[in-house]
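Data block below; observations after.
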Amino acid sequence: MKNLMLTVGVFFLTLGSIQAQGVLGKWKTIDDATGEAKSVVEIYEKSGKLYGKVVEILRADHKKDVCVKCDGADKNKPIQGLVIINGLQKDGDEYSGGTILDPTNGKKYKCYITLESADKLKLRGYVGISIMGRTQYWTRVKN
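Take a look at the structure:
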């Protein structure tokens, strides 16, 4: 009986670990208006929270863009290398409680992310309540 309980416990710990790592990695962002791939964002964990940094700009004419409309320390920083997802925490099947920065307008929004499938990430950015927001779907970058 102890072996069965131990096996079940290890199974659920492993399953939780696999799901937690599911959102980690590199994701291709897609332009809402054109459907064109814009950038690659790497989602990583630091001190139990999730963050996302722009690691590559895919459109040649935007590679040197800076965040001119950002506030504070992010103002006029290159978009490549900019941390745009900040402080998300696991809450059931989603990560929430943090913010996402839109470098095109410099605004920060509350957000949550969920894994739709192994290679599809749903992001919802919003002001106030999540009904008042925008959803994007990012695709996993495969090496």
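Once you know that position 50 of the sequence shown is 50 in full-length UniProt numbering, the rest is easy, because the numbers rise by one and skip nothing.
Every residue gets a Cβ at the ideal spot worked out from N, C-alpha and C, and that includes glycine.
Because the structure is a prediction, the values reported are computed rather than measured.
For Y109 and Y126, which I take to be in contact (beta-carbon distance under 8 Å), what is that distance rounded to the nearest angstrom? 6 Å
For A33, the three-state DSSP class (helix, strand or coil): coil
Anticipated Cβ contact below 8 Å, V68 with I43, distance rounded: Between I43 and V68 the Cβ distance is about 25 Å, and since that is not below 8 Å, they are no contact.
Mapping the DSSP letters down to three states, classify G52 as helix, strand or coil. strand
Counted within 10 angstroms of its Cβ, other Cβ atoms place I79 as buried (16 or more) or exposed: buried
Could you tell me which residues DSSP puts in a beta bridge with I57? S39
From the DSSP output, which residues share a beta bridge with S130? Beta-bridge pairing links S130 to no other residue.
DSSP three-state assignment for D65, whether helix, strand or coil: coil
Is it right to say G81 is buried, meaning 16 or more other beta carbons lie within 10 angstroms of its own, or is it exposed? exposed
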